[in-house]
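Below: one structure, written as structure tokens.
Number of protein chains: 2
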Amino acid sequence: MKVLLVEDDQFHASYLQDALAEALPEVTEMLHATDGAAGEAEARDARIEAVVMDLQMDGRNGIEAARAIWAERPGTRILFWSNYSDEAYLRGISRIVPEDSAYGYVLKTATRERLKLALRAVLLEGQIMVDREIHRLQRRSASPRNALDDSEYAVLLDLALGLQDKLIAERRGMSLRTVQNRLLSLYDKLGVDGEEIGPALNKRVKALSRAFTTRTLNVETLESAQRDYERWLAGRARSVH
Amino acid sequence: MKVLLVEDDQFHASYLQDALAEALPEVTEMLHATDGAAGEAEARDARIEAVVMDLQMDGRNGIEAARAIWAERPGTRILFWSNYSDEAYLRGISRIVPEDSAYGYVLKTATRERLKLALRAVLLEGQIMVDREIHRLQRRSASPRNALDDSEYAVLLDLALGLQDKLIAERRGMSLRTVQNRLLSLYDKLGVDGEEIGPALNKRVKALSRAFTTRTLNVETLESAQRDYERWLAGRARSVH
DNA sequence: AGAACACTTGCGGGCTTCCGCAGTTTCTCT
DNA sequence: AGAGAAACTGCGGAAGCCCGCAAGTGTTCT
Numbered sequence: 001m002k003v004l005l006v007e008d009d010q011f012h013a014s015y016l017q018d019a020l021a022e023a024l025p026e027v028t029e030m031l032h033a034t035d036g037a038a039g040e041a042e043a044r045d046a047r048i049e050a051v052v053m054d055l056q057m058d059g060r061n062g063i064e065a066a067r068a069i070w071a072e073r074p075g076t077r078i079l080f081w082s083n084y085s086d087e088a089y090l091r092g093i094s095r096i097v098p099e100d101s102a103y104g105y106v107l108k109t110a111t112r113e114r115l116k117l118a119l120r121a122v123l124l125e126g127q128i129m130v131d132r133e134i135h136r137l138q139r140r141s142a143s144p145r146n147a148l149d150d151s152e153y154a155v156l157l158d159l160a161l162g163l164q165d166k167l168i169a170e171r172r173g174m175s176l177r178t179v180q181n182r183l184l185s186l187y188d189k190l191g192v193d194g195e196e197i198g199p200a201l202n203k204r205v206k207a208l209s210r211a212f213t214t215r216t217l218n219v220e221t222l223e224s225a226q227r228d229y230e231r232w233l234a235g236r237a238r239s240v241h
Numbered sequence: 001m002k003v004l005l006v007e008d009d010q011f012h013a014s015y016l017q018d019a020l021a022e023a024l025p026e027v028t029e030m031l032h033a034t035d036g037a038a039g040e041a042e043a044r045d046a047r048i049e050a051v052v053m054d055l056q057m058d059g060r061n062g063i064e065a066a067r068a069i070w071a072e073r074p075g076t077r078i079l080f081w082s083n084y085s086d087e088a089y090l091r092g093i094s095r096i097v098p099e100d101s102a103y104g105y106v107l108k109t110a111t112r113e114r115l116k117l118a119l120r121a122v123l124l125e126g127q128i129m130v131d132r133e134i135h136r137l138q139r140r141s142a143s144p145r146n147a148l149d150d151s152e153y154a155v156l157l158d159l160a161l162g163l164q165d166k167l168i169a170e171r172r173g174m175s176l177r178t179v180q181n182r183l184l185s186l187y188d189k190l191g192v193d194g195e196e197i198g199p200a201l202n203k204r205v206k207a208l209s210r211a212f213t214t215r216t217l218n219v220e221t222l223e224s225a226q227r228d229y230e231r232w233l234a235g236r237a238r239s240v241h
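As structure tokens, this is what we get:
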């Protein structure tokens with residue numbers, strides 16, 4: 001059995017290697033990549049079927065790498081292992097997991113035993129295993145009060161990029177007023193006006209600010225949204241001539 | 001000689017302990033705290049004069065802890081050891097270093113030899129030692145093109161919190177128009193309009209967005225600015241009755 | 001089928017923001 | 001001290017944003 005580790009921090013990588021060797025004696029070959037792009041290449045070349053993936057890496061991050069790997073071989077088993085319980089990362093993952101594939105999510109603060117358990121369960125048995133703390137987060141983000149549905153999330157990304165209402169309307173195919181309605185519910189859900197007694201705020205900016213502090217958004221997500229936007233812009237320019 | 005380690009990641013902490021033992025046999029006592037608040041208390045109680053401090057920690061971060069420690073005993077020698085080369089952290093540090101105290105900054109990606117060198121140089125010899133990569137960043141941030149001066153930075157923080165022009169003017173004691181001038185130069189320096197051919201943007205939001213992607217700002221800085229703002233608000237309410 | 005509810009859209013008004021123009025103050029040289 | 005540069009300030013207008021109101025469309029119950 002071959003396993004690929006994708007992890008850019010050397011201490012964490014060597015800890016992982018030890019734990020993996022202990023947990024899975026059936027591993028015959030252990031590959032190691034230190035960023036998402038190298039991980040993708042490695043997975044393709046070596047026809048890897050089991051991966052342990054860090055999420056937060058310089059350059060190409062774990063989510064993007066996982067998406068690329070699953071696009072080629074949806075059966076690949078991936079265990080995500082990360083410090084970060086950011087909602088932004090979770091949202092990214094739940095969006096790309098193929099229906100029938102095995103994956104797991106373990107926090108780096110988990111005990112060695114729990115890590116080893118997850119390694120066996122996901123990589124060997126093909127189970128799905130999500131750390132309890134993560135699960136709690138996902139539940140919270142799915143609770144009616146704070147859940148952003150996909151279209152609100154899309155508008156949030158556009159807002160974060162600095163697009164004006166009219167442009168968002170064009171990009172998302174909604175009327176101006178509908179965009180503004182979405183913004184209103186965003187302000188509500190992000191708690192922009194929430195019980196603060198203070199003076200009036202610039203809601204647009206405050207919404208972005210809260211999206212960051214509540215980990216609904218993070219820098220990587222923002223950068224990837226920017227790339228999407230530029231691609232769309234290029235397409236639009238072509239179609240308008 | 002007593003040394004205090006403040007580091008919340010267990011792998012990094014144990015690596016640090018090893019390196020410290022190798023580099024400084026004269027250390028007789030090694031204390032360990034896992035967050036900023038505990039680090040402060042430990043430093044005070046044990047009358048610590050040498051600290052190795054992680055910057056990025058949950059709860060109270062390294063910058064705030066260092067400020068508190070230096071406020072009590074400016075002679076304390078502090079070596080910052082961190083993954084993060086964010087400008088936001090650097091700006092924080094250069095603001096609080098007492099004129100005559102010894103400090104250093106080493107990246108976690110540095111070799112063991114370089115770390116040991118920095119440990120000896122800063123903690124034992126009281127030298128100042130800054131990783132070359134960090135130094136490069138500081139220089140860039142001091143270059144005329146992108147440098148935000150203190151008052152621009154203050155306005156950026158207020159903007160990020162969602163304050164409106166009028167409120168910023170009140171808080172910072174400037175006229176409304178001056179605040180707007182600051183904003184204009186912020187937009188310029190953050191490249192809000194920079195050679196992008198795309199449609200017009202919401203500059204306020206885009207400025208915040210760019211501040212994040214260029215690492216001028218990060219979530220911790222934002223949260224601490226929010227606390228400052230709330231304190232100011234409370235004071236203002238009292239003085240107005 | 002009909003009632004209740006949610007979502008979308010246009011209109012309009014009050015407010016904020018961006019920014020050019022021009023006068024005044026403050027800083028910085030020689 | 002005096003000249004020139006840089007920063008600060010008020011005014012005013014165009015554009016964008018926030019949002020209440022009301023009419024239209026679609027969905028889900030009973």
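Going down the list, the sequences are from chains A and B.
Just so you know, the first sequence maps onto residues 1 to 241 in this note's numbering.
Just so you know, the second sequence maps onto residues 1 to 241 in this note's numbering.
Note that CB positions come from ideal geometry on N, CA and C, so glycine has one too.
Since the structure is predicted, the reported quantities are computational estimates derived from the model, not experimental observations.
Buried or exposed (CB count within 10 angstroms, at least 16 for buried), Leu158 (chain A): The sequence given here places Asp at residue 158 (chain A); Leu does not occur at that position. So Asp158 (chain A) counts as buried.
With the cut-off set at 8 Å, would you say Lys31 (chain A) and Leu5 (chain A) are in Cβ contact? The identity of residue 31 (chain A) in the sequence shown is Leu, whereas the question assumes Lys. Their beta carbons are under 8 Å apart, which means Leu31 (chain A) touches Leu5 (chain A) by this criterion.
Please work out which residues of its chain come closer than 8 Å, Cβ to Cβ, to Gln17 (chain B), disregarding the five sequence neighbours upstream and downstream, and give them in chain order. The residues are Leu5, Met30 and His32.
Taking Gln127 (chain B) as the query, report the chain A residues whose CB atoms sit under 7 Å from its CB, ordered along the chain. Ordered by position in chain A, no residue passes the 7 Å Cβ test against Gln127 (chain B), which lies about 26 Å from the chain.
Name the residue from A:Gly36, A:Arg60, A:Arg114 and A:Trp232 whose alpha carbon lies nearest to the alpha carbon of Glu133 (chain A). Among A:Gly36, A:Arg60, A:Arg114 and A:Trp232, the Cα nearest to that of Glu133 (chain A) belongs to A:Arg114.
Counting only beta-carbon separations shorter than 8 Å, does Val219 (chain B) have a partner in chain A? At least one chain A Cβ lies under 8 Å of Val219 (chain B).
Nearest to Ala110 (chain B) (by Cα), restricted to the options A:Thr221, A:Glu220, A:Gln10 and A:Glu230: When each option's Cα is compared against that of Ala110 (chain B), the closest is A:Gln10.
Contact between the segment 211–230 of chain A and the segment 221–237 of chain B is defined here as three or more beta-carbon pairs at a separation below 8 Å; is this criterion met? yes
Please list, in chain order, the chain B residues whose beta carbon lies closer than 9 Å to that of Arg204 (chain A). Gly162, Asn202, Arg204 and Val205
Quick check on Arg120 (chain B): does DSSP put it in helix, strand or coil? Arg120 (chain B): helix per DSSP, three-state reduction.
Starting from Glu152 (chain B), trace the beta strand (DSSP E) in both directions and tell me its first and last residue. Membership of Glu152 (chain B) in any beta strand (DSSP E) is not indicated; the residue belongs instead to the alpha helix (DSSP H) covering Asp150 to Leu161.
Cβ closer than 9 Å: which chain B residues qualify as neighbours of Tyr213 (chain A)? The residue you asked about is not Tyr; residue 213 (chain A) is Thr in the sequence shown. Ordered by position in chain B, the residues that pass the 9 Å Cβ test against Thr213 (chain A) are Val219, Leu222, Glu223 and Gln226.
Just reading off the beta strand (DSSP E) that Ile78 (chain B) is part of, what are its end residues? Arg77 to Ser82
Have a look at Leu217 (chain A) and Val27 (chain B) and give me their C-alpha separation to the nearest angstrom. 43 Å
Which whole-angstrom value is the C-beta distance of Leu186 (chain A) and Leu156 (chain A), which I expect to be below 8 Å? 6 Å
Under 8 Å between C-beta atoms of Tyr89 (chain B) and Ile63 (chain B): The beta carbons of Tyr89 (chain B) and Ile63 (chain B) sit closer together than 8 Å.
Those residues which DSSP pairs with Lys2 (chain B) across a bridge: B:Glu29
Leaving out the 5 sequence neighbours to the left and right, which residues in its chain are closer than 7 Å to Gln226 (chain A) when beta-carbon positions are compared? Leu161
Mind the definition here: the segment 119–129 of chain A touches the segment 64–74 of chain A only if three or more C-beta pairs lie below 8 Å; say whether that holds. no
So, for Ala13 (chain B): in the same chain, excluding its five sequence neighbours on each side, which residues have a beta-carbon less than 7 Å away from its beta-carbon? Leu5, Glu7 and His32
Whose C-beta lies closer than 6 Å to the C-beta of Asn83 (chain B) among residues of the same chain, with five residues either side of it excluded? Lys108
Would you verify that the beta carbon of Gly198 (chain B) is, or is not, closer than 8 Å to some beta carbon of chain A? yes
By DSSP, does Ala50 (chain A) sit in helix, in strand, or in coil? strand
Determine the DSSP secondary structure at Val192 (chain B), reduced to helix, strand or coil. coil
Is the Cβ of Ser209 (chain A) closer than 8 Å to any Cβ of chain B? Ser209 (chain A) has a beta carbon lying within less than 8 Å of a beta carbon in chain B.
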